Amino acid sequence: MSVLEPIVSARRRLNALLVFERASTFAAVAASLSGIAILSFRVTGSNGPGCLWYFLAVVAATAAGAAAGFLGRTDSAKAARWLDGRLDDADLFSAALVCVDRGMTGRFDASIVEKAGSLEERAEAVRPSLRAPVLRFCAAAGISILCVLAYLLVQPGDLDRSNRLLAGARKGRNPGFPPAAPSSPAESVREARLIAERYFPEDAKSASSLERALREGDIAGLRKLFEKADKDFLKRLDGEKSAKGRARMAKEMEERMATEDSLARREAGRNGGTGNRGPAGGAGQGSSPSETQASGEGSGAAPGRAGGRGPNSGSGEGYGDSSRGGPGEALARRGGKSGIGSGPSTLSPVQGREPEARAGGGKAVIERKKDSGIFELVLPGKGANLPLSSVLADSRRAAEAAVVRKGLPSEYGEAVRSYFTTLSRETAGSMGGEP
Amino acid sequence: MNVDEKKIAAGIDSLHRVRESIARVIVGQDEVIDLTLIALLCEGHVLFEGVPGLGKTMLVRTLADTLDLAFSRIQFTPDLMPADVIGTAMIERTELEGFSLKFENGPIFANLVLADEINRASPKTQSALLEAMQERTVTVRGKRHELPRPFLVLATQNPLEMEGTYPLPEAQIDRFFFKIPVLQPSLEELVEIVGRTSGPEVPTAGRVMGPEELGLLQGAVRDVVSPPHVTEFAARLVLATQPERAESSLAIRRFVRYGSGPRGAQALVLAAKARALTRGRFNASTEDLEACLSPALRHRIALNFDGQSEGIRVDDLLSDILATAAEPRTRAEALAN
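Following this line, the structure appears as structure tokens:
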């Protein structure tokens, strides 16, 4: 029967439209929810599921929508009714369908079917409007786009967009670092800025470079910048003649040490407990005292350098031995006054330990490099001058920063973290033999 | 188109001519005429409601003239007895049998019966119409008498004058197929009426259509196809008038004492079929249904005290029902439109 063809065509079109609309709506909603979830995780700083899961969620939602559309597909009677409504033919196709279904046994069935058949061309030309499904899809997709835009605003990047959002938070910040480990890239950015400002208080360009290097985990760059910071410090120290100024510089050095110590402690906390101290914990072992009280001859107070910040960073103690005194030694030599033992010291149990040689069994010494003037912890052995643990901390930080920066799934971050944790455990297990 | 359909098409043409012929006598009242013809095709009784002088009697008389049907008029009064309507047994003397009782047909034995001011008769007399209207037979002294076909009761009642009247019982009201309000004519129509009736010649209508043709159309009405969604829509509409249903609207539940029953749905679908046929279609549509909703259901809905005291109109309730009781469209239909 030719009258059935327009009805079947209409039914097919309606069902296709329904499946499309359901699938696209479900997909858009899933994408929107995923966007909101990603955004929430970014803002709160917690680790959400990886990108793969979001992708799978959208795919699953699309499939579910298509299935829902398929299950809710319309039948021929409804399609005929829709066709009648569009053609305004006084329910002719619906009546024709009844006639065909009952085998054309009615008195007027032939006439009705014939009349409906005469409208076949018009019926074939009827197309469902795509306006409603497209509008619904656009509405849902709009939410997704807003999420993406919001994500781009929050996501830290080279343009430092996060600073705009975090400006308000920075205004009320306390000096020093928060006790908790930075868990979000935004927090890392803020922290990098603080470190950079402490090392280069008068050199904005270098501070910016250091901040960038910290964020990007650029080890080589960090090494150079820290060396530069040391040089600058010594230069300023040489130029400082007044006792007050030297005391201020000593305080500055203390702040640097506090910064590094804070980082080291946080790294230790992030890696879980003292028993399984991570790479930064290893660095803490060789770090100098974090707190120095320079009483009496304050100018002689000689804080040492904290370890764990870079490959060539030295470790030392601030008191007792000028050979381990780091900048204190320089102060003592340049100033002609010995700051050694001039004041009581309070050493934390961990940070106050002496650096130990781990290769060759000899005694480690802190020396000043002749060419650069940088103090380093020189270990006995063939050119070994740095514990692996201190390298691990920076390497790990750089790797994690890279994972975050590139937007890799969290599984990758977990893998990186696991790798360095394992490595640090092994390092801690072989403390004596690790150069 | 086969021979049968050609005959029906000719009958529909005749029906249109009947309509035109009536329109020459009755000025205005187009909807009343249309609905009356629809009721005629369905063999349904009609209750006209309107003040005196609006041409109700004239309409029925003209209809009988154009269709060449037997017409009788009964003026209902409080002292009218059932025998005055259906007939009575008379003593008759014949040479062969001597004295015997012979049934004398009452005025109800006609094709078109005009029951004028039906609410003035006593309930006893009104109920005498019940059997005639429903069964189309009259039983006197245990003997059933068939009424002539077609048989239609076209009753009138005055909605204003209530003193000395007996409101029709629900059972009897439900037997009317349509209740059609006859409204006052407009200015133009009134001028036309005065012009036509005050002249030397009063317009009359001649025979246009015979009972055979009418019978053919009446037989064809039930063969008109009603798509499932049209029938379902009628059922939804009827159910929506019932106040005891939780799905009914707040107005229905608040102001209606009882709603329409199955007879209302039957009348609705049948009227839609007849309307489709009068328009040359062999299938009913929702549009037909909507057009016949008020005349088919308005007398089957009784307002409660609240409804009456607040002046609620049943037609307004039905309009609300029509707006809300439509069959919900499927998601695909809603999307595609």
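So the protein lines, in turn, are chains A and B.
At position 334 of the first sequence the residue is numbered 334 (our numbering), and the sequence of numbers has no breaks.
Residues are numbered in our numbering as their position in the second sequence, beginning at 1, plus a constant of 1000.
The beta-carbon is built from N, C-alpha and C at its ideal position, and this holds for glycine as well.
Here the structure is a predicted model, which is why all the values come from computation and not from measurement.
Top-ranked residue by Cα proximity to residue i, from the options
i, options, result
"threonine 422 of chain A", "A:Ala393, A:Val403, A:Ala401", "A:Ala393"
"leucine 1054 of chain B", "B:Leu1168, B:Gln1029, B:Gly1087", "B:Gln1029"
"valine 189 of chain A", "A:Leu210, A:Gly35, A:Tyr199, A:Pro201", "A:Leu210"
"arginine 99 of chain A", "B:Glu1290, B:Asp1306, B:Pro1262, B:Pro1228", "The question names arginine, yet the displayed sequence has cysteine at residue 99 of chain A. Comparing Cα-Cα distances from cysteine 99 of chain A to each of B:Glu1290, B:Asp1306, B:Pro1262, B:Pro1228, the minimum goes to B:Pro1228."
"valine 1153 of chain B", "B:Pro1159, B:Ala1132, B:Leu1187", "B:Ala1132"
"leucine 1067 of chain B", "B:Leu1096, B:Arg1149, B:Pro1078", "B:Arg1149"
"leucine 1047 of chain B", "B:Asp1174, B:Leu1237, B:Arg1254", "B:Asp1174"
"threonine 1324 of chain B", "B:Gly1307, B:Arg1313, B:Glu1290", "B:Glu1290"
"alanine 1265 of chain B", "B:Arg1254, B:Arg1298, B:Ala1276, B:Gly1280", "B:Arg1298"
"methionine 1090 of chain B", "B:Pro1078, B:Glu1104, B:Glu1097, B:Pro1082", "B:Glu1104"
"isoleucine 1301 of chain B", "B:Ser1072, B:Asp1316, B:Ala1220", "B:Asp1316"
"proline 1262 of chain B", "B:Asn1283, B:Ala1246, B:Arg1236", "B:Arg1236"
"serine 1294 of chain B", "B:Gly1307, B:Ala1272, B:Glu1310, B:Pro1203", "B:Ala1272"
"threonine 74 of chain A", "A:Ala192, A:Ile7, A:Arg246, A:Asp203", "A:Ile7"
"alanine 213 of chain A", "A:Ala402, A:Gly65, A:Thr105", "A:Ala402"
"arginine 13 of chain A", "A:Val43, A:Arg122, A:Ser129, A:Leu225", "A:Ser129"
"serine 118 of chain A", "A:Arg396, A:Glu411, A:Glu5", "A:Glu5"
"proline 1243 of chain B", "B:Asn1119, B:Ile1321, B:Thr1137, B:Ser1014", "B:Ile1321"
"alanine 436 of chain A", "A:Ser418, A:Leu18, A:Ala247", "A question about residue 436 of chain A goes unanswered here, because the residues of chain A that appear run from 1 up to 435."
"alanine 80 of chain A", "A:Glu227, A:Arg11, A:Lys241", "A:Arg11"
"alanine 1121 of chain B", "B:Ala1220, B:Ile1193, B:Gln1075", "B:Gln1075"
"alanine 398 of chain A", "A:Gly221, A:Glu227, A:Arg256", "A:Gly221"
Any chain B beta carbon closer than 8 Å to residue i
i, result
"valine 3 of chain A", "no"
"valine 98 of chain A", "yes"
"leucine 71 of chain A", "no"
"aspartate 91 of chain A", "yes"
"alanine 125 of chain A", "no"
"serine 439 of chain A", "Residue 439 of chain A lies beyond the range of chain A shown here (1 to 435); nothing can be said about it."
"serine 183 of chain A", "Its pLDDT being 47, under 50, serine 183 of chain A is placed unreliably in this model, and the value from its coordinates should be taken loosely. Judged by the 8 Å Cβ criterion, serine 183 of chain A is not in contact with chain B."
Alpha helix (DSSP H) segment containing residue i, residue limits
i, result
"lysine 1006 of chain B", "1003–1025"
"phenylalanine 1233 of chain B", "1228–1239"
"valine 59 of chain A", "51–71"
"leucine 210 of chain A", "204–216"
"lysine 231 of chain A", "219–239"
"leucine 1040 of chain B", "1030–1041"
"glutamate 1244 of chain B", "Counting along the chain, glutamate 1244 of chain B falls outside any alpha helix (DSSP H), and DSSP gives it neither H nor E."
"alanine 28 of chain A", "4–44"
"glutamate 1310 of chain B", "Glutamate 1310 of chain B -> no alpha helix (DSSP H), and no H or E assigned at all."
"arginine 1196 of chain B", "1187–1197"
"arginine 86 of chain A", "76–87"
Chain E contact residues for residue i, given Cβ-Cβ distances below 8 Å
i, result
"arginine 1275 of chain B", "No chain E appears in the structure shown, which is made up of the protein chains A and B."
Neighbour flag for residue i against chain A, beta carbons, 8 Å
i, result
"histidine 1229 of chain B", "yes"
"glutamate 1213 of chain B", "no"
Interface partners of residue i on chain A, CB under 8 Å
i, result
"valine 1224 of chain B", "Phe108"
Residue i: contacting residues in chain A (beta-carbon distance under 9 Å)
i, result
"glutamate 1005 of chain B", "Arg107, Phe108, Ala110, Ser111"
Within chain B, partners of residue i - CB distance below 9 Å
i, result
"alanine 77 of chain A", "Pro1227, Pro1228, His1229"
Contacts that residue i makes with chain B (C-beta to C-beta distance below 8 Å)
i, result
"serine 418 of chain A", "What serine 418 of chain A touches in chain B: nothing, since even the nearest Cβ is about 49 Å away."
Range of the contiguous beta strand (DSSP E) that encloses residue i
i, result
"aspartate 1116 of chain B", "1112–1116"
"phenylalanine 1177 of chain B", "1176–1181"
"serine 1100 of chain B", "1098–1105"
"threonine 1165 of chain B", "Threonine 1165 of chain B -> no beta strand (DSSP E), and no H or E assigned at all."
"leucine 1154 of chain B", "1152–1157"
Contacts that residue i makes with chain B (C-beta to C-beta distance below 7 Å)
i, result
"alanine 95 of chain A", "Val1225, Pro1227, Asn1283"
So if I threshold CB-CB distances at 9 Å, which residues from the region 1276–1306 of chain B count as touching chain A? Ala1276, Arg1279, Arg1281, Phe1282, Asn1283, Ala1284, Ser1285, Thr1286, Glu1287, Asp1288
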